[in-house]
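>
There are 2 protein chains.
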Amino acid sequence: MRPLILITNDDGFAAKGLRTLDEIAQEFGDVVVMAPESNNSGQSHSITPTRPLRVRTVKESEGLNVYACDGTPVDCVKLALEYFCPRKPDLVLSGINHGSNSSINVLYSGTMGAVIEATICGYNAIGFSLLNHSHEADFGGCEPFVRTIVADVLANGLPENVSLNVNIPNLPKDQIKGIRVCHEARTQWLDSFERRIDPIGRPYWWLTGKFVCNELQEGSDEWALRNGYVSIVPTHPDFTNYPAIAPLRQRYE
Amino acid sequence: MRPLILITNDDGFAAKGLRTLDEIAQEFGDVVVMAPESNNSGQSHSITPTRPLRVRTVKESEGLNVYACDGTPVDCVKLALEYFCPRKPDLVLSGINHGSNSSINVLYSGTMGAVIEATICGYNAIGFSLLNHSHEADFGGCEPFVRTIVADVLANGLPENVSLNVNIPNLPKDQIKGIRVCHEARTQWLDSFERRIDPIGRPYWWLTGKFVCNELQEGSDEWALRNGYVSIVPTHPDFTNYPAIAPLRQRYE
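From first to last, the protein sequence lines stand for chains A and B. Here numbering that gives the first Met the number 0 is used: the first residue of the first sequence is 0, the next is one more, and so on. Here numbering that gives the first Met the number 0 is used: the first residue of the second sequence is 0, the next is one more, and so on.
Printed below as a string of structure tokens:
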């Protein structure tokens, strides 16, 4: 039996990045797509506890079933694994995201929320992102790297409880220098909101922000991307800062 | 000048747990509350890029300003730090959440999303949660522990880039045995969605789930809580699994 690959994203089921990913995935196995009906960028690891979800069948055909759901990317993963995959998937993919999910962006990312949820559920999972926000971004530079990494993970698996956060520079493939395995750079978004006045004279605030990278040394994902490499960060669903446990025990136990 | 403490939560500005927290915080300093208008449980680290936000002044008085915002807990933190705090806060608090944010729940939690955002922005931050979902939960058992931890962090700070995820058993204070500094237990939610049929005969899916703890040894937060201790997990905004970097370099570089 061919491998089964579940695909989701946060840009919505019709995004060009998802189509690129499902075409590559079909080279390796049967594909189920369960993705949000609409844009869920910035939805992080959020779930939908307060209302029911609906699922719409977009396409059911030999080797490719596509469903759209009105929940978040994490909802999509949970729902697909429980109700829409004909068997246990061999791999869960998310993306290809239109825009970076490097460094701190992994926390806000619905693309990576889905990947981390799949890890919690015990599946090998990979998130792919291209550093280009445009709806019509050119994913040509991504394709050989996506193919290489998918083939490798299908063949060799991943360390337990680890998924991959793959970010790809917005360059033609012959200008990408290779792959670097990295840690998340320490970054932040400053000047997060812009205050404006509506036509009736009342204030409102709109999310914006300036991305600031506090760490550009070799070894971080931001360094790799700015130097023309694909970055892979091994990612796990654990926020524990282990080195802080011992000193805090002195204070509180 | 008295310390300034910024408070948010994910249960909404009117929640009993937030009132408990702001009353304790006022013993230590001036307080700004910026919290969601309504329930934002399960909103994780999500932000609101697609629509403007509004802020409503609930109360402005000597030592206590309360604002309600129609964004997520992370939006609340960003917006308050940038526009509503009269000076740089000395401490950011979130909660007291009605319900556990131990183990894997930290990922879904809006309460902890806000805390981690404050850490990224360079502030000392603490999330408090009581293991009782009821709107009318009794926070009496929490109070001495909240007071102790707030006083300590105001006096001594926290390790760089580390916040605290504090969970408190649903017990009277004299039955709580003390504090344990822990790592996140490995857990997951199974059977996530219930499939139902609407009155017109169409299926819908509603989030539910069974919490399963795969790790109950001493040292994890689930062990501490089930044995009558308050758990503190030192938490950082970094999903990198460092031990996996070297073996993956062998495969990809």
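Backbone N, C-alpha and C define an ideal beta-carbon position, used for all residues, glycine too. All figures in this text were calculated on a predicted structure; none of them were measured in a lab.
Nearest by alpha-carbon distance to Asp74 of chain A: which of A:Cys141, A:Pro51, A:Gly177, A:Asp190 is it?
Measuring from the Cα of Asp74 of chain A, the nearest candidate turns out to be A:Pro51.
> Count the other CB atoms within 10 Å of the CB of Arg179 of chain B; is the residue buried (16 or more) or exposed (fewer)?
Buried, by the Cβ-count rule.
> What are the partner residues of Ala124 of chain A, as DSSP defines its beta bridges?
Partner(s): A:Val91.
> Does the region 133–141 of chain B come into contact with the region 234–247 of chain B, if we say contact requires no fewer than three beta-carbon pairs (one atom in each stretch) closer than 8 angstroms?
With the cut-off at 8 angstroms, the region 133–141 of chain B and the region 234–247 of chain B do not touch.
> Three or more C-beta pairs under 8 angstroms: does that hold for the region 21–41 of chain B against the region 81–93 of chain B?
Result yes; three or more Cβ-Cβ pairs closer than 8 angstroms.
> Could you tell me the alpha carbon to alpha carbon distance between Phe158 of chain A and Arg18 of chain B, rounded to whole angstroms?
The sequence as given places Pro at residue 158 of chain A; Phe does not occur at that position. Between Pro158 of chain A and Arg18 of chain B, the C-alpha separation is close to 44 angstroms.
> Measuring alpha carbon to alpha carbon, tell me which of B:Leu20, B:Pro202, B:Arg201, B:Leu170 ends up nearest Thr110 of chain B.
Nearest C-alpha to Thr110 of chain B: B:Leu20.
> Scan the region 124–156 of chain A for residues whose Cβ lies nearer than 9 angstroms to a Cβ of chain B and list them as they occur along the chain.
Residues Thr147, Ile148, Asp151, Asn155.
> With distances taken Cα to Cα, identify the nearest neighbour of Cys68 of chain B among A:Ser219, A:Trp205, A:Arg250.
Closest option to Cys68 of chain B, Cα to Cα, is A:Trp205.
> Could you please give the first and the last residue of the uninterrupted alpha helix (DSSP H) stretch that includes Phe144 of chain A?
It spans 142–155 - the alpha helix (DSSP H) in which Phe144 of chain A sits, taken as one unbroken run.
> Any contact between the region 228–242 of chain A and the region 1–14 of chain B? By contact I mean 3 or more CB pairs, one from each, below 8 angstroms.
Output reads no: the region 1–14 of chain B does not touch the region 228–242 of chain A.
> May I ask you to list, following chain order, the residues of the region 235–246 of chain B that have a beta carbon less than 7 angstroms from some beta carbon of chain A?
Cβ contacts with chain A come from His235, Pro236, Asp237, Phe238, Thr239, Asn240, Tyr241, Ala243, Ile244, Pro246.
> Determine the chain A residues that contact Pro158 of chain B at a beta-carbon separation under 9 angstroms, and present them in chain order.
Near Pro158 of chain B (Cβ distances below 9 angstroms), the residues of chain A are Asn240, Pro242, Ala243, Pro246, Leu247.
> With DSSP as the reference, please indicate the residues paired to Leu163 of chain B in a beta bridge.
Answer is B:Ile125, B:Pro233, bridged to Leu163 of chain B.
> Taking the C-alpha atoms as reference points, what is the distance between Phe192 of chain A and His97 of chain B?
Approximately 29 angstroms between the Cα atoms of the pair.
> Taking Glu116 of chain A as the reference, give the member of B:Tyr228, B:Asn38, B:Pro2, B:Gln187 with the closest Cα.
The shortest C-alpha separation from Glu116 of chain A is found at B:Gln187.
> Between Asn39 of chain A and the rest of its own chain, which residues show a CB-CB distance below 6 angstroms, the 5 nearest in sequence each way excluded?
Closer than 6 angstroms at Cβ, skipping near neighbours: Asp9, Thr71, Pro72, Gly109.
> Start and end of the alpha helix (DSSP H) containing Pro202 of chain B?
Note, Pro202 of chain B: premise wrong, no alpha helix (DSSP H); beta strand (DSSP E) at 202–206.
> Taking 7 angstroms as the cut-off, decide whether the C-beta atoms of Lys176 of chain B and Pro143 of chain B are in contact.
For Lys176 of chain B and Pro143 of chain B, no; Cβs fall outside 7 angstroms.
> Roughly how many angstroms lie between the CA atoms of Phe238 of chain A and Ala124 of chain A, to the nearest whole one?
Rounded to the nearest angstrom, the two C-alpha atoms are 18 angstroms apart.
> Going by beta-carbon coordinates alone, are Val65 of chain B and Val57 of chain B separated by less than 7 angstroms?
Contact flag set, yes.
> Is it buried or exposed, Asp197 of chain A, if we count other Cβ atoms within 10 angstroms and call 16 or more buried?
Exposed is the call here.
> Cα separation between Tyr251 of chain A and Asn164 of chain B?
Cα to Cα, the separation comes out at about 13 angstroms.
> Leaving aside the five residues before and after Ser93 of chain A along the sequence, list all residues of the same chain whose C-beta is less than 6 angstroms from its C-beta, in chain order.
These residues qualify, in order along the chain: Thr7, Asn8, Thr110, Ala113, Val114, Gly126.
> Can you tell me whether Glu61 of chain B is buried or exposed, with buried defined as 16 or more other CB within 10 angstroms of its CB?
The residue is exposed, with fewer than 16 neighbouring Cβ atoms inside 10 Å.
> To the nearest whole angstrom, what separates the beta carbons of Cys181 of chain B and Asp220 of chain B, a pair I think is in contact under 8 angstroms?
Their Cβ separation, rounded to whole angstroms, is 4 angstroms, which keeps Cys181 of chain B and Asp220 of chain B in contact under 8 angstroms.
> For Gln187 of chain B, decide whether its Cβ has a neighbour in chain A, counting only Cβ atoms nearer than 7 angstroms.
For Gln187 of chain B, the answer is yes, since a Cβ of chain A falls inside 7 angstroms of its Cβ.
> Give the range of the alpha helix (DSSP H) segment to which Cys75 of chain B is assigned.
Run containing Cys75 of chain B: 72–78, per the alpha helix (DSSP H) assignment.
> Just how far apart, CA to CA, sit Phe83 of chain B and Glu22 of chain B?
Their backbone Cα atoms lie some 19 angstroms apart in a straight line.
> Assuming Gly16 of chain B and Ile95 of chain B are in contact, meaning their beta carbons sit under 8 angstroms apart, how far apart are those beta carbons, in whole angstroms?
With 8 angstroms as the limit, Gly16 of chain B and Ile95 of chain B qualify as a contact, their Cβ atoms being about 4 angstroms apart.
> For Lys77 of chain B, which residues in chain A fall below 7 angstroms Cβ to Cβ?
Those are Ser191, Phe192, listed as they occur along chain A.
> Mind checking who His97 of chain B pairs with in its DSSP beta bridge?
Beta-bridge pairing links His97 of chain B to B:Leu129.
> Just mark Leu189 of chain A as buried or exposed, buried being the case when its beta carbon has 16 or more other beta carbons within 10 Å.
Burial call: exposed.
> Rounded C-beta distance between Pro168 of chain A and Gly208 of chain A? I'm assuming under 8 angstroms.
Incorrect: roughly 21 angstroms between the Cβ atoms, too far for contact.
> Please state the DSSP three-state secondary structure of Thr186 of chain A.
In the structure shown, Thr186 of chain A sits in a strand (DSSP, three-state: E or B).
> Between the C-alpha atoms of Glu214 of chain A and Leu224 of chain A, what's the straight-line distance to the nearest angstrom?
Roughly 13 angstroms separates the two Cα atoms.
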